[in-house]
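J.: Let me begin by handing over the structure; questions about it come next.
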Amino acid sequence: MPQNEHIELHRKRHGYRLDHHERKRKKESREVHERSHKARKMIGLKAKLYHKQRHAEKIQMKKTIKMHEQRKSKQKDDDKTPEGAVPAYLLDREGQSRAKVLSNMIKQKRKEKAGKWEVPLPKVRAQGETEVLKVIRTGKRQKKAWKRMVTKVCFVGDGFTRKPPKYERFIRPMGLRFKKAHVTHPELKATFCLPILGVKKNPSSSLYTTLGVITKGTVIEVNVSELGLVTQGGKVIWGKYAQVTNNPENDGCINAVLLV
Amino acid sequence: MSVDEERVLIQLQDESGEVLGSPFDVPLDISPDKLQLVCNALLQKEEPVPFLFFVKDAEVVSSLGSCVQTLGLETEQVLPVVYQPQAVFRVRAVARCTSSLEGHTEAVISVAFSPTGKYLASGSGDTTVRFWDLSTETPHHTARGHTHWVLSIAWSPDGKKLASGCKNSQIFLWDPITGSQIGKPLTGHTKWITWLCWEPLHLNPECRYLASTSKDCSIRIWDTVLGRCDKILTGHTQSVTCVKWGGDGLLYTSSQDRTIKVWRAKDGVQCRTLQGHAHWVNTLALSTDYVLRTGAFEPATATINPQDLTGSLEEIKEKALKRYNSIRGEGHERLVSGSDDFTMFLWNPAEEKKPVARLTGHQALVNEVLFSPDTRLIASASFDKSIKIWDGKTGKYLTSLRGHVGPVYQVAWSADSRLLVSGSSDSTLKVWDIKKGKLNADLPGHADEVFAVDWSPDGQRVASGGKDKCLRIWRK
């Protein structure tokens, strides 16, 4: 093995021999024969070691060849039909253990009573006051700063009338008041435009809940009479909870997912 | 002995309100048997027919008097008593498993008896349809040809052909006698076949047309003689789950897009859309289902050895038409639909868009609904482990049959409408007595979930297939 780069230097300066490439090619092709000659003629401990090493090499070579072959002849495994045959009425259903469904319903009822729900977005970024409320300066010299304007989308009820402007502390601009939300049913994968009945809980603060501020992760109550859901007793369900999944102040609409 | 026995004037009426004879005097403690004798005498029937009697929808069980007392009716007025003829023949409840037919190498997904009860066919996840010889209870033929699970099978109403649909959206036709394929496979759907339904016998005795529905949201009507697609009905926006070919030439289809559509079979034009469900509509049942399935075969004339239908096409057509008209009665066919929203609707689809009644009460999705063969009752099997029985005309809730410990997948009525067999995922079948509203027999034996049940139209056998790959036949 050369210890310095004198060979390379020479090659750079003077180039290759004229027959270098042909000689190299022929030597390499002879290598196979020489290798087999050596393998046959070797004896003793040297042979044993060599054969062991060669055996391991050959196994690896065979594996890679097989892999390449498989990729070349790519056949779809059509002959094998998948296992787990189910009748047509079970095909579109995921295999939920049915025994759990009833106990799930009871657990859900308990959670509803306690005020906790399993929601699609459990953790939402809490919005600070500076983000949601903007300070409005009033007064002759614009020094008083006790009024706040809500900068996020909000919902006010049907019978909402503003307090006298002199006394209202929180301003909810008309442009940011919404009545309808686009609610997606998670199982049906269909979206409906449903009127909002009220804001149930805003995860950031209870103040926002009373104000009716709707941000991402807020649980709202929507009017689902359009869907035609019915309780066991035959009464029509007309209100259900949904959780908001987008930032309405950026998009201009409220997208929510129904909590079933 | 009381000096004056209380007597009351009754007027016998049949279900549609027609009066029978004039009002007459009977003692108040008359029993249903005696009333039956009177009724038979008035109707002048050759063989005595069993009857059920109702006073204002309450059945007369022990005596007329107790009924009147519970209802608090006046005995001075003429009391209308409605009589309902029951089936003359009585189907015996099945009690034992006579054979367990192995042969399928994967779960048995669908099981069906031919309209006369002579042949039995089963479709399975191993892509074969197998025909079984019922007299020896051994395998008869294995029909190979499908390339994926055989999801649905349907016998033609004359029992001469079997159609089977698979998950690779192909439909094959088989001859039950030789077990070989008839014609070429019918291709055209792009996703799996969910339901197959033949044209009723009295509309076409050749049994030529077949309707198939698929997950690709379309319904195709196939001409089996020419082996090609005749019409394609589109309109649904999601997978179509069930199709029923009504006896009046209307097709009813239900889909996962929560609607049911009514089509005219002649030209494929959509007549109506029935809306109301809040989730997928899983299943449909027509009041005339049983009579359309059995065609010209009358279960009352069944013998021990089931026979093929005999007679020319005209004779068969007439017989089928006569049976159909007698079951249908005065009004139109009624349709009941079961859905994932835990409720069912009773519709009168030939006349109006609005449902007749909404049947609520189940606590989980309704997997199958079936009218009884005499159209008086509706049975609904649900994933909440119960079966509910409802009145077939008004949709009023009658009773719940509880006993299963897993979701109930399928139910089947016996030909006399007195017994019901249900198969569930808890691997048992249960036979229920409708009159008592109680369990008649518990049939354990399957090793795994029971996917399909069927009661033969001659009432002798029940066949059930399930996930444990074996088909079981049950007899009395």
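So the sequences go chain by chain: A and B.
Position 200, counted from 1, in the first sequence is what the UniProt record's numbering calls 200; the numbers after and before it change by one each time, with no gaps.
Position 374, counted from 1, in the second sequence is what the UniProt record's numbering calls 374; the numbers after and before it change by one each time, with no gaps.
Using N, Cα and C, we set each Cβ at its ideal position, and we do this for glycine too.
1) Starting from His279(B), trace the beta strand (DSSP E) both ways and give me its first and last residue.
2) Count the other C-beta atoms from every protein chain shown that fall within 10 angstroms of the C-beta of Pro457(B), then say buried if there are 16 or more, exposed otherwise.
3) Whole angstroms are fine: how far does the CA of Thr64(A) sit from the CA of Arg71(A)?
4) Do Pro85(B) and Pro115(B) have their CB atoms nearer than 7 Å?
5) What are the start and end residues of the beta strand (DSSP E) that includes Pro85(B)?
6) Along the segment 186–220 of chain B, what residues have a CB closer than 9 Å to any CB found in chain A?
7) Under 8 Å, with one C-beta from each stretch per pair, do the segment 179–196 of chain A and the segment 243–259 of chain A reach the 3-pair mark?
8) In its own chain, which residues sit with a C-beta less than 7 Å from the C-beta of His279(B), not counting the 5 before and 5 after it?
9) With Gln69(B) as the anchor, note down where its alpha helix (DSSP H) starts and where it stops.
10) Are the C-beta atoms of Gly227(B) and some chain A residue less than 7 Å apart?
11) So Trp390(B) and Leu439(B) are supposed to be a Cβ contact under 8 Å. How far apart are they, rounded?
12) Is there a C-beta anywhere in chain A that falls below 7 Å from the one on Met1(B)?
13) Does any C-beta atom of chain B lie closer than 7 Å to the C-beta of Thr81(A)?
14) Restricting to Cα atoms, I'd like to know which of Arg177(A), Arg148(A), Asp158(A) is closest to Tyr167(A).
15) Which of helix, strand or coil does DSSP assign to His37(A)?
16) Is any beta-carbon of chain A found at less than 7 Å from that of Glu162(B)?
17) Alpha helix (DSSP H) containing Asp289(B): first to last residue?
18) Excluding five sequence neighbours on each side, which residues of the same chain lie with their C-beta closer than 8 Å to the C-beta of His55(A)?
19) Taking 7 Å as the threshold (beta carbon to beta carbon), is Glu6(B) in contact with chain A?
20) Would Pro87(A) pass as an interface residue toward chain B - the criterion being a Cβ-Cβ separation below 7 Å?
21) Mind checking if Gly65(B) is an interface residue toward chain A, Cβ cutoff 7 Å exclusive?
22) State yes or no: is the beta carbon of Glu106(B) nearer than 7 Å to at least one beta carbon in chain A?
23) Output yes if chain A places a C-beta closer than 7 Å to the C-beta of Ser152(B); else output no.
24) Between Trp149(B) and Lys167(B), how many whole angstroms is the CB-CB distance? I'm expecting something under 8 Å.
25) State the beta-bridge partners of Ser31(B) as determined by DSSP.
26) At a Cβ threshold of 7 Å, is His332(B) touching chain A?
27) Taking Leu188(A) as the query, report the chain C residues whose CB atoms sit under 7 Å from its CB, ordered along the chain.
28) CB residue 559(B) to CB Trp347(B), shorter than 7 Å?
29) Could you give the residue range of the alpha helix (DSSP H) that holds Thr210(A)?
30) Within 10 angstroms of its Cβ, does Asp454(B) collect 16 or more other Cβ (buried), or is it exposed?
31) Report the residue ranges of all beta strand (DSSP E) runs contained in full by the segment 348–385 of chain B; include only those spanning at least 3 residues, in chain order.
32) What are the partner residues of Arg96(B), as DSSP defines its beta bridges?
33) With 16 as the cutoff for other CB atoms within 10 Å, does Gly128(A) come out buried or exposed?
34) Have a look at Thr303(B) and Gly159(B) and give me their C-alpha separation to the nearest angstrom.
35) Three-state secondary structure (DSSP) at Asp251(A)?
36) How would you label Trp474(B), buried or exposed, when you count the other beta carbons within 10 angstroms and need 16 or more for buried?
T.: Taking the coordinates as given:
1) Neither: His279(B) is in no beta strand (DSSP E) and is coded neither H nor E.
2) By the 10 Å Cβ count, Pro457(B) comes out buried.
3) The straight-line gap from Cα to Cα measures roughly 11 Å.
4) No, the Cβ-Cβ distance between Pro85(B) and Pro115(B) is not below 7 Å.
5) Per DSSP, Pro85(B) is one residue of the beta strand (DSSP E) stretching across 79–85.
6) Across the segment 186–220 of chain B, CB contacts with chain A closer than 9 Å involve Trp192, Ile193, Thr194, Trp195, Lys215, in sequence order along the chain.
7) Between the segment 179–196 of chain A and the segment 243–259 of chain A, the count of C-beta pairs closer than 8 Å reaches three or more; the two stretches touch.
8) Cβ within range, chain order: Arg258, Ser339, Asp340, Asp341.
9) From DSSP, the alpha helix (DSSP H) with Gln69(B) extends over 64–71.
10) Output row for Gly227(B): interface = no.
11) About 19 Å separates the CB atoms of Trp390(B) and Leu439(B); that is not less than 8 Å, and the two are not in contact.
12) Confidence in Met1(B) is poor, its pLDDT being 45 and thus under 50, which makes the residue's placement too unreliable to answer from.
13) Thr81(A) has a beta carbon lying within less than 7 Å of a beta carbon in chain B.
14) Selected option, being the one with the closest Cα: Arg148(A).
15) Three-state DSSP puts His37(A) in a helix.
16) The displayed chain sequence assigns Leu, not Glu, to residue 162(B). In terms of beta-carbon proximity, Leu162(B) stays away from the interface with chain A, with every pair separated by 7 Å or more.
17) For Asp289(B), the enclosing alpha helix (DSSP H) stretches over residues 289–294.
18) Excluding residues within five positions, none has a Cβ falling inside 8 Å.
19) By this cut-off, Glu6(B) is not an interface position.
20) At a cut-off of 7 Å between beta carbons, Pro87(A) contacts chain B.
21) With 7 Å as the cut-off, Gly65(B) does not count as an interface residue toward chain A.
22) Yes, because at least one Cβ of chain A sits closer than 7 Å to the Cβ of Glu106(B).
23) The C-beta of Ser152(B) comes closer than 7 Å to at least one C-beta of chain A.
24) About 5 Å separates the two Cβ atoms, so the contact holds.
25) In the DSSP output, where bridge partners are listed per residue, Ser31(B) has none listed.
26) So no, His332(B) is outside the interface.
27) Judged by its chain identifiers, the structure shown contains no chain C, and its protein chains are A and B.
28) Outside the displayed span of chain B (1 to 476) sits residue 559(B), for which this structure offers no information.
29) Residues 206–211.
30) By the neighbour-count rule (16 or more Cβ atoms within 10 Å), Asp454(B) is buried.
31) Within the segment 348–385 of chain B, the runs of beta strand (DSSP E) at least 3 residues long that lie entirely inside it are, in chain order, 357–359, 366–371, 377–382.
32) Bridge partners of Arg96(B) according to DSSP: Arg475(B).
33) With fewer than 16 other Cβ atoms within 10 Å, it is exposed.
34) Approximately 17 Å between the Cα atoms of the pair.
35) Of the three classes helix, strand and coil, the one that applies to Asp251(A) here is helix, per DSSP.
36) By the neighbour-count rule (16 or more Cβ atoms within 10 Å), Trp474(B) is buried.
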